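Reviewing the structure listed below.
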Amino acid sequence: MHTLLTRGNAILAYTLSVSACLTFCCFLSTVFINYKTDVSLNTIKIVVKNVPDYSASREKNDLGFLTFDIQLHLTSLFNWNVKQLFIYLIAEYETAVNSINQVRKIKINAKPFIDFLGSFLHQSCQPG
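Residue 346 is where the sequence shown starts when you use the numbering used here, and the numbers rise one by one after that.
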């Protein structure tokens, strides 16, 4: 007869093996999905103002205001394993001093609203 410790070890090893197999199957179910979508970006209004920056020093800095329209369809990106998307926008521009400047301070948080049956009603994009 096997001892209680041996039987407990066998049950634990079997449970961990099944859990590892199920985890790998979950990984395989979503790893080959293409998570790309088409994006349309239209710039509506660009304004550059020279304003004082009181947070760092008293000198004036350029402050850009952009109004743009983004059209993208995110429904295809959601599946059983995706609960929330974090979308960010990088603005790149050139100046006389630097060839590439990047601004990464714009973040958008997108969550789907799901009803009790699990179907997607609609999505909301909220500023993060």
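Note that beta-carbon positions come from the ideal geometry of N, C-alpha and C, so glycine has one too. Quantities reported herein were computed from a predicted structural model and do not represent experimental measurements.
- When the beta-carbon positions are compared, residue 437 and residue 429 stay at least 8 Å from each other.
- Excluding sequence positions up to five before and after residue 378, its CB lies less than 6 Å from no other CB in the same chain.
- DSSP places residue 427 outside any beta strand (DSSP E), giving it a letter other than H or E.
- For residue 442, the three-state secondary structure derived from DSSP is coil.
- DSSP places residue 348 in the coil class of the three-state scheme, outside both helix and strand.
- The segment 408 to 416 and the segment 389 to 400 touch, with three or more beta-carbon pairs separated by less than 8 Å.
- DSSP lists no bridge partner for residue 367.
- Pairing residue 406 with residue 398 gives a Cβ-Cβ distance under 8 Å.
- When the Cα atoms are used, residue 423 and residue 367 turn out to be separated by approximately 21 Å.
- Distance from the CA of residue 381 to the CA of residue 439, rounded to the nearest whole angstrom, comes to 27 Å.
- For residue 362, the secondary structure class from DSSP, reduced to helix, strand or coil, is helix.
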